[in-house]
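Notes to accompany the following structure.
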Amino acid sequence: MAVALFVTCLVDTLFPACGQATVRLLERLGVEVDFPAKQTCCGQMHLNSGYAPEAAGLAARLAAAFADAEAVVTPSASCAAMVRESYPRLAERIPDRGAAAAMAALPARTYELTEFLVDVLGVEDVGAYYPHRVTYHPSCHGLRGLRVGDRPLRLLRRVRGLELVELGDAEQCCGFGGTFAVKNADTSAAMLTDKATAVLATGAQVCTALDSSCLMHIGGGLRRARSGVDVVHLAEILAATDAHPVPSR
2 MAVALFVTCL VDTLFPACGQ ATVRLLERLG VEVDFPAKQT CCGQMHLNSG YAPEAAGLAA
62 RLAAAFADAE AVVTPSASCA AMVRESYPRL AERIPDRGAA AAMAALPART YELTEFLVDV
122 LGVEDVGAYY PHRVTYHPSC HGLRGLRVGD RPLRLLRRVR GLELVELGDA EQCCGFGGTF
182 AVKNADTSAA MLTDKATAVL ATGAQVCTAL DSSCLMHIGG GLRRARSGVD VVHLAEILAA
242 TDAHPVPSR
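If you want it as structure tokens, here you go:
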């Protein structure tokens with residue numbers, strides 16, 4: 002099977018190891034991965050900030066970049082939710098009917114990584130090895146937007162050497178919310194404090210999630226607290242094997 006990688010802005014610019022891990026993981030499972038070089042932002046930040054026309058233009062560009070893809074896989078619940086939830090509505094703003102049709106068709110072929118692994122490939126044991134105590138933060142878009150359910154947990158439970166510990170008040174938002182953290186800094190910081198406290202209470206060495214954005218926010222709070230707890234995207238955990246030792250951070 003062949004898929005196209007929707008790497009997302011944040012992963013491409015700040016967390017490339019997540020994108021590289023996604024490719025390693027998929028190729029290890031026999032999937033051929035293409036990277037459409039013309040992809041840019043999905044438009045989520047613009048739409049959330051009230052710039053719907055600009056978001057529609059970016060959505061049209063992204064849909065064109067992935068027009069020939071059999072399936073589109075992304076290591077971001079947030080961006081996958083943007084495509085699935087908002088592209089059909091944004092397509093109504095595009096006068097070019099061909100571009101609008103491409104936008105409307107993309108959601109059905111777009112998968113967050115754990116959805117693709119569990120639902121499309123039918124795999125839960127991906128052959129990973131990660132000898133650490135790990136807790137999982139369910140990001141809002143994955144939990145409420147995509148409704149990924151326990152797919153990430155099912156994958157984590159099959160990782161050899163990994164001790165999975167439950168996160169208290171797991172469904173509570175970490176406070177990032179994209180531009181929310183900028184526009185409502187005090188509220189965001191208070192929510193982050195609650196999330197970091199919950200992470201520390203688990204005694205975990207690592208906090209993982211489906212979104213680099215949440216991990217960036219949580220990781221900042223944990224580093225400022227000098228907690229010693231690392232944040233690692235789920236793709237990096239699933240890509241780790243005996244043959245590729247877990248890097249020290």
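2 is the number of the first residue of the sequence shown in this note's numbering; add one for each residue after it. We put the beta carbon where it would ideally sit given N, CA and C, even for glycine.
- Between the beta-carbon of A182 and that of H218 there is about 7 angstroms, and that keeps the pair under the 8 angstroms contact cut.
- Straight-line spacing of the CA atoms in L107 and A101 works out to 10 angstroms.
- At a Cβ-Cβ threshold of 8 angstroms, L193 and G176 count as neighbours.
- The residue among S213, L59, E125, V8 with its C-alpha nearest the C-alpha of S140 is S213.
- Between L144 and E172, the beta carbon gap of about 6 angstroms places them in contact (Cβ cut-off 8 angstroms).
- Counting only the Cα atoms, M2 lies some 23 angstroms from M104.
- For E167, no beta strand (DSSP E) encloses it, and the DSSP letter there is neither H nor E.
- In the three-state DSSP reduction, L6 falls in the strand class (E or B).
- In the three-state scheme derived from DSSP, where H, G and I count as helix and E and B as strand, H234 is classed as strand.
- Between the segment 117-133 and the segment 82-94, the count of C-beta pairs closer than 8 angstroms stays below three; the two stretches do not touch.
- The three-state reading of DSSP puts D212 in coil, since its state is none of H, G, I, E or B.
- Here R159 has E125, D126 as same chain residues with Cβ atoms under 6 angstroms from its own Cβ, once five neighbours each way along the sequence are excluded.
- Using a Cβ distance threshold of 8 angstroms, R29 and V73 do not count as a contacting pair.
- Between the segment 13-33 and the segment 43-61 there are fewer than three C-beta pairs closer than 8 angstroms, too few to call the two in contact.
- Put simply, the segment 110-123 does not touch the segment 184-191. Fewer than three CB pairs are less than 8 angstroms apart.
- In the displayed model, T115 falls within a helix according to three-state DSSP.
- Taken through DSSP and simplified to helix, strand or coil, T14 comes out as helix.
- Beta-bridge annotation (DSSP): T136 is paired with V166, C208.
- Around the beta-carbon of L15, fewer than 16 other beta-carbon atoms lie within 10 Å, marking it exposed.
- H47 and P17 have their C-alpha atoms spaced approximately 23 angstroms apart.
- For D35, the beta-bridge partners assigned by DSSP are A5.
- Beta-bridge partners assigned by DSSP to Y130: R161.
- R225 has its alpha-carbon roughly 16 angstroms from the corresponding atom of A199.
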